[in-house]
Amino acid sequence: MIEIALATDANYFCGLLVTAVSLARHASPDADLRFNVLDGGIPDADWADFEEKVCVAHPRSAFRRFRVDDARFAAFPEWNGRSRFTYARLLLPALMPDADWVVYCDVDFLWCADIGELWALRDPRAVVLSTPDGTEDARAREAPWFSARGLAYDFETYFCAGLSFFNLALWRRFGLAEKTLAFLDAHTDVQLADQSALNAILGGAPLTPDVVNVKMLPAKWQTMSRFATADDIRRGCVLHYAGDTPWRQAWRTQPLTDLHLLWHAVHGGLRGESADASVARFFPKGAVRLRRFVFRLAAAPVLRELVFLAYRLTGRSGYLPWMRACCRRLPVDELARRLTGGAGA
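Each number in the working numbering corresponds to the 1-based position in the sequence shown with 1131 added.
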């Protein structure tokens, strides 16, 4: 049985649906999957829809629904100013006493790889398996924060907790959930929520000589969407839309990229509609036109520098590294057919 954990409330249900169904579609048909959902307020009708769509994608799927009250996390900072539900993953060792391993995944993912291959990488010595967080944002925010508090910080081994393969047996052995919550109680100014706390606790010397605190996985298991290429998707990877949420973009002229349209092609297919109809669920028509126009300009080599100059002149030069990474054209229709089994974008 492959144990999967996801956490969401009603506001992120669309992300839960795409993450879970894309994972199920790419899993081996012989695998048994169990989705352990930390529920922060999913309506029952949506839950029934979720179970039905996952089972269509992978009939050998089972479900456990854990209703979680996030009052315990009230003193902790909200993630992206919206939710504290990210901390719910710290409850997994207690909620899943019958499991020794679980793949925790945020709900801003799009799976293009077989989770069975990841499950086979279990290492009884490793506390957590994940991938390095290679984003400039993490480096800029975490390095000075860790340094000011005398905490170990190594950017090469600092991991992105969005996809975390937890050895629950070792978590219980070392009381890591309790230690992480205690760390958060003492550091209510963490920069990246529980990811900061987990890296602070696991980033130093091994907990004991017989364990590896963090074992790094190949990048395919958490490929940041802004850096993903068409070949990454064709070969099979797990896309993480970290800071790049397709259905909720922070700034008015943030480009709606081809990778966003790929997510909407999958989401729309689950709703029986086109990618354009999916986009229209979340953005007004005028906003869509503006965001796609900015993307097309930024994706065109001749015009890109003019767009970037406009951002510099309006005081938004901090967005340029992100735009340089993500604003490129992709064969959306071809990739959508690959991910949806035939439905185009």
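Even for Gly, the Cβ is constructed at its ideal location relative to N, Cα and C.
Just so you know, these numbers come straight off a predicted model, no measurement behind them.
Should residue 1215 be labelled buried (16 or more other beta-carbon atoms within 10 Å of its own) or exposed? buried
Could you pull out every unbroken alpha helix (DSSP H) segment of at least 4 residues lying fully inside the region 1278 to 1347, listed in chain order? 1299 to 1305, 1307 to 1317, 1324 to 1333
Suppose you measure from the CA of residue 1435 to the CA of residue 1427; what does that come to, to the nearest Å? Straight-line Cα distance between these residues: approximately 9 angstroms.
Measuring CB atoms only, is the region 1343 to 1361 touching the region 1440 to 1459, in the sense that at least three cross pairs come out at less than 8 angstroms? yes
Apart from the five residues on each side of it in sequence, which residues of its chain come closer than 6 angstroms, Cβ to Cβ, to residue 1324? 1210, 1217
Whole angstroms is fine: what's the gap from residue 1160's alpha carbon to residue 1308's? Near 33 angstroms, if we compare the C-alpha coordinates of residue 1308 and residue 1160.
Grouping DSSP H, G and I as helix and E and B as strand, with all else coil, what is residue 1141? helix
Which residue's Cα is closest to the Cα of residue 1228: 1271, 1207, 1301, 1176? 1301
CA-to-CA distance, residue 1220 to residue 1208, given in whole angstroms: Cα atoms of residue 1208 and residue 1220: separation of roughly 15 angstroms, rounded to the nearest angstrom.
Report yes if the C-beta distance between residue 1264 and residue 1291 is below 8 angstroms; otherwise report no. yes
Rounding to the nearest angstrom, what Cα-Cα distance links residue 1319 and residue 1190 in this structure? Distance between the alpha carbons of residue 1319 and residue 1190: 43 angstroms.
For residue 1197, which residues in the same chain have their Cβ closer than 8 angstroms to its Cβ, ignoring the five residues on either side in sequence? 1167, 1168, 1169, 1170, 1222, 1226
May I ask which residues mark the beginning and end of the alpha helix (DSSP H) holding residue 1442? 1432 to 1444
Residue environment, residue 1476, which counts as buried when at least 16 other CB atoms sit within 10 Å: Because the pLDDT at residue 1476 is just 41, under 50, the model does not fix this residue reliably, and the value given afterwards should be weighed accordingly. The residue is buried, with at least 16 neighbouring Cβ atoms inside 10 Å.
Contact set for residue 1145: own chain, Cβ-Cβ below 7 angstroms, skip 5 residues either direction: 1378, 1398
Assign residue 1365 to buried or exposed, taking buried as 16 or more other Cβ atoms, counted over all protein chains shown, within 10 Å of its Cβ. exposed
Of the listed residues 1253, 1321, 1269, 1233, nearest to residue 1280 (C-alpha basis): 1321
According to DSSP, simplified to helix, strand and coil, what is residue 1248? helix
Secondary structure at residue 1378, three-state DSSP: helix, strand or coil? coil
To the nearest angstrom, report how far apart residue 1156 and residue 1172 are at their CA atoms. Just so you know, the alpha carbons of residue 1156 and residue 1172 end up roughly 25 angstroms apart.
Secondary structure at residue 1474, three-state DSSP: helix, strand or coil? Confidence at residue 1474 is low in this model, with a pLDDT of 45, below 50, so the placement of that residue should be treated as unreliable; the coordinate-derived value is given next. Three-state result, residue 1474: coil.
Spell out a yes or no on whether the region 1399 to 1416 and the region 1429 to 1447 are touching, meaning 3 or more CB-CB pairs, one atom from each, closer than 8 angstroms. At 8 angstroms Cβ cutoff, the stretches do not touch.
What number of angstroms, rounded off, separates the C-alpha of residue 1388 from the C-alpha of residue 1338? 42 angstroms
Specify the secondary structure class of residue 1391 as computed by DSSP and reduced to three states. Of the three classes helix, strand and coil, the one that applies to residue 1391 here is helix, per DSSP.
Which same chain residues, not among the five before or five after residue 1165, have their C-beta less than 6 angstroms away from its C-beta? 1132, 1134, 1193
Where does residue 1263 sit, in a helix, a strand or coil, going by DSSP? strand
Taking C-beta to C-beta, are residue 1158 and residue 1245 nearer than 8 angstroms? In terms of Cβ geometry, residue 1158 and residue 1245 form a close pair [threshold 8 angstroms].
State whether the region 1174 to 1187 contacts the region 1262 to 1278, with contact taken as three or more CB pairs (one from each stretch) at a distance under 8 angstroms. no
Could you check which residue in 1355, 1288, 1327, 1179 has the C-alpha nearest to that of residue 1347? Looking at the Cα atoms, 1288 is the closest of the given residues.
Suppose contacts are defined by Cβ-Cβ distances below 8 angstroms. Is residue 1247 in contact with residue 1188 by that definition? Against a cut-off of 8 angstroms, the Cβ pair of residue 1188 and residue 1247 comes out as no contact.
Note down the Cα distance separating residue 1441 from residue 1354, rounded to an integer number of angstroms. 29 angstroms
Considering just the uninterrupted stretch of the beta strand (DSSP E) at residue 1193, what are its terminal residues? 1192 to 1198
Can you give me the Cβ contacts of residue 1407 inside the same chain, cut-off strictly under 6 angstroms, excluding the 5 residues immediately before and after it? Counting only Cβ-Cβ distances below 6 angstroms, and skipping sequence neighbours, we find nothing.
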